[in-house]
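When you line the sequence shown up against the working numbering, it's residues 760 to 1510, in that order.
From the three backbone atoms N, C-alpha and C, an ideal C-beta is built for every residue, glycine too.
Following: one structure in structure tokens, then a few remarks.
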Amino acid sequence: MSEITLTRDPAHIRHGSSIGQPLTRRDGVLKVTGEARYAADNHPPKMLFAVLAVSHIARGRVASLDVAAARRHPGVVEVMTPQNRPMLAEDPDAKTNPFMFRMELLQNDSIRYANQAIAVVIAETLEAATEGAALLSPRYESEPARSTLDDAESYVPPAVGVGHPAVVAHGDAADALAHAAHAIEATYETPPQYHNPMEPHAIVASWNGDALSIDTPTQGLAMAQGRIAGLFGIAPEKIHIRSPFLGGGFGCKGLISGPQILGILAAKLVGRPVKLVLRRDQMYGPVGHRSASRQRLRMGAAADGTLTAIDHHARISTSTFDDFYEPAADASHSFYASPVIATSHEAVRLDIGTPLFMRAPGEATGSIALESAIDEIAEACGIDPLAFRLKNYAEVEPITGKPFSSKALRECYARGADRFGWSKRPLKPRQMRDENGFLVGWGMGTATFPALMFAGQARAVIRSDGSGVMETGAHDMGQGAWTALAQIAADSLALDLDRVEFKAGTSDLPDAGIAGGSAHTATAGVAIHNAGAAAVGKLAELATNDQRSPLFGAGNAGVVARDGRLFRRDDESRSESFGGILARAGLAEIEARGDGAMDPAAQTNYAMRAHGAVFAEVRVDPDLGQVRVSRMIGAFAAGRIVNPHLVRSQYLGGMIWGVSFALHEKAIVDHRTGRIMNANLAEYHVPVNADIPSMEALMIEEHDPHVNPLGIKGVGEIAITGSAGAVANAVWHATGVRVRRFPVAIEELVK
Ligand code: MOS
């Protein structure tokens, strides 16, 4: 059994189905009152504090460390370096599958990027550990750092994203572009972005013999457990991970990171529980980031504005020692219909930490360039950007020609445009001013993201008191999974939400699959749905085969479950409660399991995606170039909406990241040293409340009978994809300046 029980008194009275209800987060009160216990809040007895010492150069080796000085410091218990780091069962540089990322675990003295761990200082207090780390005074042998997309020879990566081909040619792009009535070519640049969840990576690790007890945030309990098991050579069942709350993830907590493993190693070295928390600046390196990109878009259109060619080429970076290739150009596979689509990637190896998934990997990076280019070709054709998109959006999946399992994009365009007032938009830029004389511009973007599913499991129990339990090792990184999945659990068991104990967030529960790719609700939800249905089915079997039951002889399909009872379909006056059925059978409870996974037949026949459209208004100071987003409307269709309150928050969060992508976010690298100069939340700009205007997310109804039995598509990532481009296009419409380097800089608008 899990030792974490989060159930609280329900804040809402349910009427009918739990799915579809706009419940607030069930853990919300715990979070805002400070009762929610995050990983770093756990302090087992005798716990020590570990602090990373990190490299201040990006390339070279550690020539010396003053370990003696650190050790002498009062309170310091131990200093872990490559000399005394406990043995691992597996080389941290081994890679036997693409999800196994290489780690810096003090295997040697080499430095592959700035902020790489070079030692761990373990002390009785955080202060002593921090001071000890400062006393290490490392000396380095350094080599020049390669930090920009032009600092190394490029090559064609073996694959991009999660195993997609780096080069795709559908039709003859050169020929189509040469014969186009209208053509554009433009190059866009996006900066490196770093994950900044409010909660940095943290771990509290305790060894008990060869068993390991861990508090740490993760978006993938089972994968984390498996990776730790491999590195330490112990059985996964010996490792117990608790991750009930995450203060954000965005991809950087999808896989266990090097610093988390160092926390476990430190605990092993000193034989006491150890806590290790990354400082904000230490997040800029070892836990992934979104690669910088330079993207060249070429597009051709016929005289009437029909797209005839899209050619999208992206240059991206990875580290010198591992492979993750942001699939930026792949965005052009799915947004627009074009008889010719060519995409390609080239990569360079830099002295940086390995890039990783960041919210809408590929799609976010690629779509800001693609949506800007669509605006440019629409302008070349003299057509309104919405009219151009309505003419050219993909009716079936481009390249494969597969129909979509469902698609309400046209309605997203129409409803969003109507709400925004798009029909009043002047075609030419620099036509609108507000009462203060600021230039006003309107822009839009198309949004789409795949409706993915991974594999997950759940376990359902119905007890003789008529209550239920649902268990799945799901992850709530702040998106509300613990609420939405509980709603699905209640419906699957035909019980009120307050009659269901929903357990998630620990590694001893059934594997719910990774919380990524906007796939968690669908994956874990379908597993829950199937587990609940199987448990109710067992009850139906007990009752309909028992002569003493009023349901006898109805057969499993002849009964329906509702409000903790089974009813005969042909005579609803004959019914029996779950508890009654179990009591007569002499059972305290029954249990059943369920799986969630993609249906391969549906996958073969249909393309599955969520769709949307985003409209943005900006105001630009004509003298100072300062840009403010003043209004934003997004309209999204993503199948069945489990909880409109939570989904709205996901859409708004995505739209805000779109604003961030277009106007704010950028890691600034000192090219002399390879160090990031703004590795803090003061200078790494993200939007704050004052940057976010009136923002509205419309939920467009969509019934998808193919995507999965619940009709659920993901909502976590899609809203970035339309929003960044919409803001960029609005800046052009306000100013007449096409900024092609993001985030938009003031100096580009006043030159
Ligand atoms: Mo997300 S980048 O799939 O956590």
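Close Cβ partners of residue i (< 7 Å) along its chain, the five nearest in sequence each way excluded
{"i": "residue 1268", "result": "761, 1230, 1231, 1232 and 1262"}
{"i": "residue 957", "result": "1006 and 1007"}
{"i": "residue 1480", "result": "1119, 1122, 1123, 1126, 1206, 1207 and 1208"}
{"i": "residue 1083", "result": "1077, 1113, 1114 and 1115"}
{"i": "residue 840", "result": "824, 826, 865 and 878"}
{"i": "residue 875", "result": "813, 814, 863, 1044 and 1045"}
Residue burial classification, residue i (beta-carbon count within 10 angstroms, cutoff 16)
{"i": "residue 1212", "result": "buried"}
{"i": "residue 1424", "result": "buried"}
{"i": "residue 852", "result": "exposed"}
{"i": "residue 1053", "result": "buried"}
{"i": "residue 1442", "result": "exposed"}
{"i": "residue 1289", "result": "buried"}
{"i": "residue 1449", "result": "exposed"}
{"i": "residue 1402", "result": "buried"}
{"i": "residue 774", "result": "Reliability fails at residue 774, whose pLDDT of 45 lies under 50, so the model's placement of it is uncertain and no value is given."}
{"i": "residue 1351", "result": "buried"}
{"i": "residue 968", "result": "exposed"}
{"i": "residue 1464", "result": "exposed"}
{"i": "residue 1117", "result": "buried"}
{"i": "residue 1023", "result": "buried"}
{"i": "residue 867", "result": "exposed"}
{"i": "residue 1236", "result": "buried"}
{"i": "residue 1370", "result": "buried"}
{"i": "residue 1110", "result": "buried"}
{"i": "residue 1505", "result": "exposed"}
Nearest-angstrom Cα separation, counted from residue j out to residue i
{"i": "residue 993", "j": "residue 857", "result": "22 Å"}
{"i": "residue 1133", "j": "residue 1094", "result": "10 Å"}
{"i": "residue 1227", "j": "residue 1254", "result": "8 Å"}
{"i": "residue 768", "j": "residue 1507", "result": "Reliability of the predicted coordinates at residue 768 is poor, the pLDDT of 44 falling under 50, and the value obtained from them is presented with this limitation in mind. About 54 Å."}
{"i": "residue 1138", "j": "residue 1086", "result": "27 Å"}
{"i": "residue 1434", "j": "residue 1296", "result": "59 Å"}
{"i": "residue 1341", "j": "residue 1400", "result": "34 Å"}
{"i": "residue 1164", "j": "residue 1221", "result": "34 Å"}
{"i": "residue 1030", "j": "residue 966", "result": "7 Å"}
{"i": "residue 1386", "j": "residue 822", "result": "47 Å"}
{"i": "residue 791", "j": "residue 978", "result": "22 Å"}
{"i": "residue 763", "j": "residue 864", "result": "The pLDDT assigned to residue 763 is 40, lower than 50, so where the model puts this residue is not dependable; a value taken from the coordinates is nonetheless given after this. The straight-line gap from Cα to Cα measures roughly 31 Å."}
{"i": "residue 1438", "j": "residue 1040", "result": "5 Å"}
{"i": "residue 1256", "j": "residue 786", "result": "14 Å"}
{"i": "residue 1306", "j": "residue 1312", "result": "8 Å"}
{"i": "residue 1210", "j": "residue 1002", "result": "25 Å"}
{"i": "residue 1328", "j": "residue 1317", "result": "6 Å"}
{"i": "residue 923", "j": "residue 1359", "result": "18 Å"}
{"i": "residue 1088", "j": "residue 891", "result": "46 Å"}
{"i": "residue 1015", "j": "residue 972", "result": "15 Å"}
{"i": "residue 960", "j": "residue 1197", "result": "42 Å"}
{"i": "residue 1337", "j": "residue 1344", "result": "11 Å"}
{"i": "residue 1300", "j": "residue 1314", "result": "7 Å"}
{"i": "residue 1037", "j": "residue 1061", "result": "54 Å"}
Bridge-paired residues (DSSP) for residue i
{"i": "residue 1052", "result": "949 and 1075"}
{"i": "residue 1222", "result": "1348"}
{"i": "residue 923", "result": "919"}
{"i": "residue 1376", "result": "1201 and 1390"}
{"i": "residue 1070", "result": "1057 and 1101"}
{"i": "residue 1455", "result": "1392"}
{"i": "residue 1371", "result": "1206 and 1395"}
{"i": "residue 1191", "result": "1199"}
Beta-carbon proximity list for residue i, same chain, < 6 Å, skipping 5 on both sides
{"i": "residue 1004", "result": "795 and 797"}
{"i": "residue 771", "result": "Reliability of the predicted coordinates at residue 771 is poor, the pLDDT of 38 falling under 50, and the value obtained from them is presented with this limitation in mind. Within the same chain, residue 771 has close Cβ partners 782."}
{"i": "residue 1202", "result": "1375, 1485, 1488, 1489 and 1492"}
{"i": "residue 942", "result": "936 and 1059"}
{"i": "residue 1413", "result": "1478 and 1479"}
{"i": "residue 1049", "result": "952 and 1117"}
Contacting residues, own chain, Cβ-Cβ under 8 Å from residue i (five flanking each side not counted)
{"i": "residue 1169", "result": "1149 and 1152"}
{"i": "residue 1104", "result": "915, 916, 919, 925, 926, 1072, 1073, 1074, 1075, 1084, 1086, 1087 and 1088"}
{"i": "residue 1021", "result": "809, 811, 839, 864, 865, 876, 879 and 1035"}
Just to confirm the assignment: which complete beta strand (DSSP E) runs, minimum length 3, are found wholly within the segment 761–841? The segment 761–841 contains these whole beta strand (DSSP E) runs: 807–813, 819–823 and 835–839.
4 or more residues per run - each alpha helix (DSSP H) lying fully within the segment 1331–1356: Listed in chain order, they are 1337–1343.
Mind listing, in chain order, the continuous beta strand (DSSP E) runs of no fewer than 3 residues lying wholly within the segment 1079–1138? The segment 1079–1138 contains these whole beta strand (DSSP E) runs: 1100–1109.
Uninterrupted beta strand (DSSP E) stretches inside the segment 1205–1273 (no shorter than 3 residues): Whole beta strand (DSSP E) segments, 3+ residues: 1215–1222, 1227–1230 and 1259–1262.
Runs of 3 residues minimum, wholly inside the segment 1379–1428: which ones carry the beta strand (DSSP E) assignment? Unbroken beta strand (DSSP E) stretches of 3 residues or longer found wholly inside the segment 1379–1428: 1386–1396, given in chain order.
Please give the ranges of any alpha helix (DSSP H) in the segment 1479–1509, keeping only runs that are unbroken, at least 4 residues long and fully inside the region. For the alpha helix (DSSP H) assignment, the uninterrupted runs of no fewer than 4 residues enclosed by the segment 1479–1509 are, from N- to C-terminal side, 1505–1509.
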